[in-house]
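Position in the sequence shown (from 1) plus 8 gives the number in this note's numbering.
Think of the CB as a built atom: it goes at the ideal place given N, C-alpha and C, for glycine as much as any other residue.
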Amino acid sequence: MKSLNSLNWQSGFQQLSQSFLKEAQFNTKTIKGSDNLLRAFIVFKTSKKDLTSLFKGSLTNAQLNKLINSKSPYEYFSHADENVLVIRPLYLTSKPLKAHSGLLEPSDYALSRDAMGMLINFVKTKSPTHCRVEIVNALQTQLHGVLVGLELAQYEFKKILHKKSNACKFYIFKNKGRILDSQIKNAQTVGVGTNVARHLVNLPSNWLNPQTYKGVINKLFKNLADVQVSTWSEATLEKEKMGLLLAVGASSPNKPVLVHIKYRPRGGKPPIALVGKGITFDTGGADIKSSAGMRNMKKDMGGSAAVVGAALSLCMNKSKQSFDAYLPLAENVVGSASFVPGDILQARSGKTIEIHNTDAEGRLVLADALDVAVSKSTKDKPKFVIDVATLTGAIKVGLGAEVAGLFSNDDGLSLKIQKASENTSERVWRMPLFSDYKGALHSTVADMTNCASSAFGGAITAGLFLQEFVQDVPWAHLDIYAWADTPKGALLEPGASGQMVQCLVSLLN
Ligand code: BES
Ligand code: ZN
Ligand code: ZN
């Protein structure tokens with residue numbers, strides 16, 4: 009679709025990369041000329057006695073008693089010209105769970121991050137012109153969570169689109185010591201990467217198509233050090249024999265591309281590879297989806313957005329982890345050039361694929377991109393490769409929308425990802441790659457079909473299909489949903505969730 013509009017949606021990314029925290033003032037306690045002030049206290053482990061001395065000047069005795077006996081993670085007190093909000097992020101912690109090796113418990117980082125949704129909700133409803141945020145007794149990870157949460161909670165699609173800036177000015181400080189520039193910068197990079205991923209997913213497909221997406225990625229990385237973005241357009245894809253990516257993108261006027269982000273910091277660690285599914289819209293193709301199934305399919309590039317967001321965080325934070333990110337971008341629409349069921353396509357790896365269902369397009373574009381990632385030689389050969397994709401509806405049925413399915417041929421890599429997921433409380437759950445399920449992909453006319461003959465175990469057979477393209481490289485596949493229908497924690501706006509950006513950054517930083 010050609011789009012006629014004067015909104016210049018591309019420029020939103022500049023505002024997002026600037027970060028909301030950049031407008032805040034740090035380590036300043038006295039605020040002048042602020043008659044409409046909200047005093048927020050983010051309180052970590054603090055004794056009764058210390059609470060009393062902390063709030064002596066700003067709360068009445070009755071209020072202080074209420075706070076001390078409160079069972080709520082937040083209390084709001086308003087009297088005379090004082091507006092005091094007290095948030096205790098760890099109050100949300102329930103008793104430690106004994107099952108599943110602790111994998112089900114939220115981390116302190118996540119509790120601190122998610123509590124910032126409450127603060128920004130207050131700012132939105134009470135509309136103060138100034139907000140003084142005092143962070144009391146926070147450990148390093150808790151402070152990091154608070155700062156990332158403040159960045160995430162301020163994201164609003166319309167604010168970015170219409171280039172509105174914040175009405176409220178923030179002053180942020182700790183009760184003890186200073187907030188270091190490196191701590192601010194670190195949180196900004198995580199927050200910005202996640203918000204960029206959210207914004208990419210929220211953009212409609214009449215704006216964000218493979219070609220404009222390519223342009224956005226180029227701009228995002230343009231001024232960063234040690235990173236290059238290159239793209240393979242149709243002619244190169246043909247030369248490279250990427251028959252699967254070409255077939256999926258064939259019927260759209262917005263031609264498919266493979267974007268490659270290459271990051272090589274000086275003195276960096278050997279490279280790893282990331283691959284993200286970038287279907288800017290998934291109609292299902294000739295095997296067209298129902299209207300309910302198609303409604304939200306602008307988000308089918310959520311895997312690539314997570315990879316772009318994480319890559320951006322790592323580059324902004326000058327990470328020592330070298331990486332190659334590959335993003336196969338295409339639009340799966342219906343047209344006269346569409347591929348159809350029964351077609352036999354040849355993958356870049358040489359394998360022939362019989363198309364059983366054109367709606368199983370994600371694994372096709374990923375297969376060709378994974379092949380590029382793993383067939384590099386010597387110094388560019390990745391230590392491991394991780395792909396991220398909104399690959400199947402089946403995983404959401406099994407695990408729920410918020411939990412990513414983790415598939416891997418390597419226990420070590422899998423454990424590392426589980427650890428990172430635990431740190432950030434972006435939940436993943438390891439799923440099995442039963443090799444005997446491969447029989448479901450059997451084809452009598454090609455090496456395999458792109459979709460199992462049975463509907464059972466759909467996320468597993470999709471994973472097994474991908475595994476055919478990673479050779480002997482340690483590999484993990486994250487089957488994500490990328491979307492949250494209702495606000496939760498620091499994500500105040502329903503829509504794209506930035507799923508897996510924080511987990512990937514925690515893993516690689
Ligand atoms: N993009 C979808 C998967 C999807 C659907 C993710 C709904 C999130 C929410 C993918 O391309 C797809 O259509 N997969 C099919 C595979 C099937 C045809 C084997 C599916 O899951 O139904
Ligand atoms: Zn599909
Ligand atoms: Zn899809």
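Within the chosen definition, does the stretch 18 to 32 reach the stretch 150 to 170 through at least 3 CB pairs nearer than 8 Å?
-> yes
Between the stretch 138 to 153 and the stretch 42 to 62, are three or more C-beta pairs nearer than 8 Å?
-> Short answer: they touch.
Taking contact to mean at least 3 C-beta pairs separated by less than 8 Å, is the stretch 336 to 351 in contact with the stretch 210 to 223?
-> yes
Validate contact between the stretch 325 to 332 and the stretch 261 to 273 using beta carbons, cut 8 Å, 3 pairs | Flag = yes, the stretch 325 to 332 and the stretch 261 to 273 touch.
For H108, the nearest candidate out of Y179, W437, I468, S346 (CA to CA) | W437
Measuring from the CB of E339, is there a heavy atom of ligand 3 at a distance below 7 Å?
-> no
Would you mind reading off the limits of the alpha helix (DSSP H) that contains Y370?
-> The sequence shown places Gly at residue 370, rather than the Tyr named in the question. Note, G370: alpha helix (DSSP H), 370 to 382.
Any non-hydrogen atom of ligand 3 within 7 Å of T469 CB = No.
Which of helix, strand or coil DSSP assigns to I280 = Reduced to three states, the DSSP call for I280 is strand.
Beta strand (DSSP E) segment containing C139, residue limits = 138 to 144
Give the single residue among F464, D487, E430 whose Cα lies nearest to the Cα of L112.
-> E430
Anticipated Cβ contact below 8 Å, V321 with V509, distance rounded = Correcting the residue type first, residue 321 is Ser in the shown sequence and not Val. Right, the Cβ-Cβ distance comes to about 7 Å (below 8 Å), so this counts as a contact.
Would you list the residues whose beta-carbon is nearer than 5 Å to any heavy atom of ligand 1, in the order they occur in the chain?
-> With the cut-off at 5 Å, the residues found are D290, D308, N365, D367, A368, G370, T398, T400, G401, C459.
Quick one: what's got a C-beta closer than 8 Å to N304's C-beta in the same chain, skipping five residues either side?
-> W491
Relative to the C-alpha of V453, which residue among H364, G471, V513, L500 is closest?
-> H364
Alpha carbon to alpha carbon, how far is G447 from Q479? Give it in angstroms, no decimals.
-> Rounded to whole angstroms, Q479 to G447 spans 19 Å at the Cα level.
Under a three-way DSSP split, which group does P218 fall into?
-> helix
Can you tell me whether R96 is buried or exposed, with buried defined as 16 or more other CB within 10 angstroms of its CB?
-> buried
Since I225 and V237 are thought to touch, with beta carbons under 8 Å apart, how far apart are those beta carbons, to the nearest angstrom?
-> 6 Å
Under a three-way DSSP split, which group does Q510 fall into?
-> helix
Neighbour-count burial assignment, A318, 16 or more Cβ in a 10 Å radius = buried
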